[in-house]
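Chains as they are written, first to last, in UniProt numbering: chain A, 1 to 697; chain B, 1 to 895.
Structure below.
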């Protein structure tokens, strides 16, 4: 098994050397092909009108040049107002939302008045919708437009992360009760099964997760019945699917993420793997032009003109390990170790550069020049990350940031709740960001099982006065089922008994799932448990995954032998991989051993053994001994989104054992702030830019 | 013994290529005289449709009287009448043709087309109202669509047979109908979109949905035009009778032949059709002339008019006495049977014949071809597939079997499959079935297609036997059978009245279910069968059948049309497919009165909750009025209130916004538990009113409307309306702390430091003075910040001075308190701070050499770990004792 040694120049090793054995780039190809097919169904040059929320996801699967290659003449954002199209064909590409359809209908009516004739095609993502047809019919333009679909499903964000990139999945499900996401997720998981084989075992926690698993197994039944040889491709490489719905663990996203990538997301906001950073960080003055192609091909799009008004130009940068090998080493580190790591890389790089002085012969010099390109790209990414860290550091030093961390930690330890509530009130008075305040308040409510009615009303009043009364719907939806993360204690008498019973048992979970790390010794080197991602708190969602996939990890540290670990090992992460012998992953046997704990968490629990075509009928495939040299992959699907910290923690779990890789699938990447914003229906600062011409990213 | 295969061969191109004509069926007198009819033949050995050609005069009495004008007769290739039906009473039939799945498409001049299956059932679609007005003057029907020529000489295209909207192709700008025209189906064009070729004046226009291109030919006009089955070549006939074959991109001229020279050709050319992809058949009333690629010809004489149907590997000719098939002799047959052939397969065949004659030559022959024996066996198997007579098929397979015995390793799959295929082919070629499909065609269209064709002819037993013989799923056959059974069986079987009907239904249902459980593998779609039952008006039977359907999503549409609304909705929700739920919801919303629609959702309780949520999502965007009614009828006060609020936030007009807020407040107040919300809304409307007043006072220079309480106060303070701010504070019971922070921030932002000072002195600060220092320092007003330090707690002063970068004061403070250690700290940090600031500037200036960069992290990126470390020990200790944070640049030195 390859391990990325700290001195290695080869940047290809990711996830600490245990890259998933599944090739997720197939999914990207699938998405690309789907788009090309959809575009080719319309003959000739066409004007593409694009739903701005799709630009990000599409940017991850394709480039503008590909679209141009397939006849896209010009691109526009889908937004209200007239559309000027030079071509006869106009193709709309959007998600089936009422607001988009209304705009389209409006534009169609406008264009109908013009003399030039157009043909219209509407591509709906991911599938056709009766709703859209109905609205177009009501608007009287159904006859003028051809409707078809573009089935965009999982998009690979990294080698081991695939995402549906649905921004509003959480709100749709937990506030609106719209289960479309579940159905779409089911379809996407079916595609995974078609590509990689059937999941022999499907487990889920949470009501929506149960709904998803039952839909999935039923659908799989139908498909396998109707076409037996459909689902057996490459089976045996997946060992199970674990579905965790966001409602099961609301605590984790409410906390501030403390990994490098997580912190970037918290403070700068990563959207579709792209982060906006000052141009100066991306410019490469010392690097010749040839580097541009390799280093930052995805950043060539000009920044939107509107943003140039800000003091420094900001540019979108694609955070990806393919062009930025250093990111793979940094992204999952606790932010406190990032500095050390950067320092180390800088020294390594410096030494590599110094090699040139040792070059005596021409051959040696040629060798050095040959390596120069790699060094320069390393150099460039080091610049970038040093710069990014420098940007983050002042933000982590603000009083607000530290105050909120302190409150979070105290709440997690259930220490003096009322003092924390006072502190929250103080933060409101100081005018802290609304998102932070709401997150803290929800956290207080969930961990303490509710807030005293009087206090709660007072705090809610403070919020409404400080941030505006238009937050009332937000507060209402936070407090009403199925979300119920901001509730009074005791609950009002009218609440259903079932709702009352579903109170979150945080304090007992803290013990049974070992959520807060106990041992003092580990303070200096936190990365020996998943809890390092929150500097001491282990995400419940990942503990649940461990309940299935790494049972030992829940009870104690799998890498517990501390004396084995060299204290001076600067690179805690990779050093451990080498020094601690890995444990062979145990077979998947469901929730066994943790039934009570899991049952105590509100929401249903499922564990289904699927019939694998080609396998022995009736046999439980999961108990087939794992082949040592062939690792199996466990797919973890987060319904309602997951955080970067959860990804980091899962990668950590994956590193700890031999023979099991994780593929993380999610409806989207979330963090506490984005959740609050989507619940409050605050439009994120528009990613679309102001230009009428659309360009992907 | 059947005649030797080569008996029907005829050589062409100096004996290198052979064509053969063999009789498929002998059909004397089965077809009416074909020259009086408009005819359309279906490919792959499919049926032939005839309709009387009304332009021709026929003598009454001589022809069979049944051929009245408006009837279409469908014959099998064996000459059996499969179906007779009359089409429209009005509207002239422009054209008819066959789809890939053997349905007859009939198009009339009003642009209406029907798809008839072989049982006479039809679906009707239209080319749209425009086409109806203009009229359709001609059309070409290919297997997957129609291209119609309208009265205004524009082209319309229909893709697929699902009643889709017609597409307008590019306008060729004709002034009169083309002399002839043809269509290349989308599967065979480069662009994958249909291409139309029209002979206009002396040239040809090729038209697709983008453009119309004049191909700049000069030999036209062309009276006939026929594209080859693979769409690569085009056969053209000029007025002068010259047959000209060109590639469809008009780049290459492939062959020329003067049809007027043909011996025995009399009268007008009837048809120009392709025989496979490499020869063209030209027919006259009693002659069929096969023209090869190099202009060589073969003649076939008939006693009367013929009709030729192009197949992918040959051509079918229906004559007065026989139905023949003409094809190029396949390579494998040539190899085995060509006189004097010395190919391994020919030798193998010869060896086998010797073997059957017990001649020792057999062994000798086998030895000579030993190295090529494998391919010889394969060729014999293939040749068997090409033969029509079972006698020769058997002989060739035997030869293959014989050769196989000499091979050490041989995969018998091909052999077995060929045997199976031939058995099936011979069965369907039987004259009573009448599907003369060749092996090549059979492999092209797949066995399941063949089975579908059999079921379409109601030959269920044969279809079932074949599908089990080929181990295919019998579901499709069973389904078709069940549908046919329902249609045929009469509801009143025994007894009388209602009971009898029920009995009948029960019996039918039982027999269907039994058959399915016995033969199928348990997941046939009952929903489709139930749909059929419903369509023929047997609702009870449909319901019964539907109970057996496992897939919810299949049940829903039928349940809807059966008006089983509740059940349909429940099933849709169960399926998890939100689109299906919307389908039902929108359908019901349109059909039911609003009241009962709501009641249906409300009574559904938990089961229908997802549906009701979806309705809300939809209505919130599209139909608010309905949503309001929905909430109202369901007594959902809170939702009603939120809806009002939602609307209020989008309103620009102050008074209507206030009104909306008030109604929200009213809704909240009607719910006992929403007292808090009601109070808040009350506050909000008060705030809005106050803001209106404020705007009036400010003469419209300031905008207040819609701001939060905080922002309102802030705006007041910033604009010197301190009195109003105070009043707002008391009116809205703003706590002191928050008010102080707002005022602090507001005054700092306008640099009113004097005002701030007076404010700070007005009474003891509820937020302490540290907040002042920090906020001012944060905004860069170091000097002002420092002036508040003396008012803070003594032990914090050093740190606060540090915050303000007042090193000297900090040092002095240390000295005053006699804190030596701290003094040292401060002095070290002071210099360091300056140094690091300096070095930072230096580095930026230096333009980022790598060594400098390397030095940045070396300085030690200040750990978020520092706080991490501390707060994580804090909770357990229970005392807030921050340990000394070691990072200097923070400037916070705690004790």
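Each residue gets a CB set at the ideal place from its N, CA and C atoms; glycine is no exception.
Exercise for review: Starting from residue 466/A, find everything on chain B with Cβ-Cβ shorter than 8 Å and list it in chain order.
Suggested key: 708, 709, 710 and 738
Check your understanding: Is the CB of residue 99/A under 8 Å away from at least one CB in chain B?
Key -> yes
Check your understanding: According to DSSP, is residue 489/A helix, strand or coil?
Key -> strand
Check your understanding: Among the residues of its own chain, which have a CB less than 8 Å from the CB of residue 898/B, if the five just before and after it don't count?
Key -> Lying before the first or after the last residue shown, residue 898/B is absent from chain B, which here runs from 1 to 895.
**Study point:** Any chain B beta carbon closer than 8 Å to residue 478/A
**Key:** no
Review point. Helix, strand or coil for residue 256/B per DSSP?
Key: strand
Exercise for review: Compile a chain-ordered list of the residues in the stretch 412-438 of chain A whose CB is closer than 9 Å to at least one CB of chain B.
Suggested key: 412, 413, 414, 415, 416, 425, 426, 428, 429, 430 and 431
Review point. Can you check whether the CB of residue 332/A is closer than 8 Å to the CB of residue 648/A?
Key: yes
Check your understanding: Of the choices 555/B, 143/B and 354/B, whose alpha-carbon is the least far from that of residue 395/B?
Key -> 354/B
Practice item. Find out if the Cβ-Cβ distance for the pair residue 229/B, residue 274/B is shorter than 8 Å. Key: yes
Exercise for review: Specify the secondary structure class of residue 20/B as computed by DSSP and reduced to three states.
Suggested key: strand
Exercise for review: Would you list, in chain order, the members of the stretch 164-184 of chain A that have their beta-carbon closer than 7 Å to a beta-carbon of chain B?
Suggested key: 176, 177, 178, 179, 180, 182 and 183
Practice item. Tell whether a beta-carbon distance below 8 Å holds between residue 700/A and residue 478/A. Key: The displayed coordinates of chain A run from 1 to 697. Any statement about residue 700/A would go beyond what the structure contains.
**Study point:** Any 3 or more C-beta pairs closer than 8 Å across the stretch 641-656 of chain A and the stretch 142-153 of chain A
**Key:** no
Exercise for review: Could you tell me which chain B residues have their CB closer than 9 Å to the CB of residue 146/A, listed as they occur along the chain?
Suggested key: 164, 165 and 167
Check your understanding: How many angstroms separate the CA atom of residue 106/A from the CA atom of residue 130/A?
Key -> 19 Å
Check your understanding: How far does the beta strand (DSSP E) with residue 96/B in it reach, from first residue to last?
Key -> 93-98
**Study point:** Buried or exposed by the 16-neighbour rule on C-beta atoms within 10 Å, applied to residue 43/A
**Key:** buried
Exercise for review: Count the other C-beta atoms from every protein chain shown that fall within 10 angstroms of the C-beta of residue 784/B, then say buried if there are 16 or more, exposed otherwise.
Suggested key: buried
Practice item. Look at the Cβ atom of residue 225/B, then the Cβ atom of residue 180/B, and state whether they are nearer than 8 Å. Key: yes
Check your understanding: Excluding sequence positions up to five away, which residues of its chain have a Cβ less than 6 Å from the Cβ of residue 234/B?
Key -> 227, 246 and 248
Exercise for review: Check distances from the C-beta atoms of the stretch 442-457 of chain A to those of chain B and list, in chain order, the residues that come in under 8 Å.
Suggested key: 457
Check your understanding: When burial is assigned at 16 or more other CB atoms within 10 Å of the CB, is residue 350/B buried or exposed?
Key -> buried
Review point. For residue 292/A, which residues of its own chain have a beta-carbon under 6 Å away from its beta-carbon, when the five flanking residues on both sides are left out?
Key: Note that residue 292/A scores a pLDDT of 38, beneath 50, so its modelled location is shaky and nothing firm can be said.
Review point. With residue 45/A and residue 87/A assumed to form a contact (beta carbons below 8 Å), what rounded beta-carbon distance in angstroms separates them?
Key: 5 Å
Practice item. Please compile the residues from chain B whose C-beta is within a distance smaller than 8 Å of the C-beta of residue 129/A. Key: 579 and 582
**Study point:** Beta carbon proximity, residue 211/A to chain B, threshold 8 Å
**Key:** yes
Exercise for review: Leaving aside the five residues before and after residue 409/A along the sequence, list all residues of the same chain whose C-beta is less than 6 Å from its C-beta, in chain order.
Suggested key: none
Point to revise | Simplified DSSP assignment, three categories, for residue 25/B | key: strand
Exercise for review: Could you check what DSSP says for residue 146/B in three-state terms: helix, strand or coil?
Suggested key: strand
Practice item. Measure the alpha-carbon distance for residue 472/B versus residue 519/B and round it to whole angstroms. Key: 12 Å
Practice item. With DSSP collapsed to three states, give me the class of residue 85/B. Key: strand
Exercise for review: Determine, using beta carbons only, whether residue 654/B and residue 732/B come nearer to each other than 8 Å.
Suggested key: no
Point to revise | Proximity of residue 667/A and residue 164/A at Cβ, strictly below 8 Å | key: yes
Check your understanding: For chain B, is any of its Cβ atoms less than 8 Å away from the one on residue 470/A?
Key -> yes
Check your understanding: Taking the alpha-carbon positions, what's the residue 386/B to residue 329/B distance?
Key -> 9 Å
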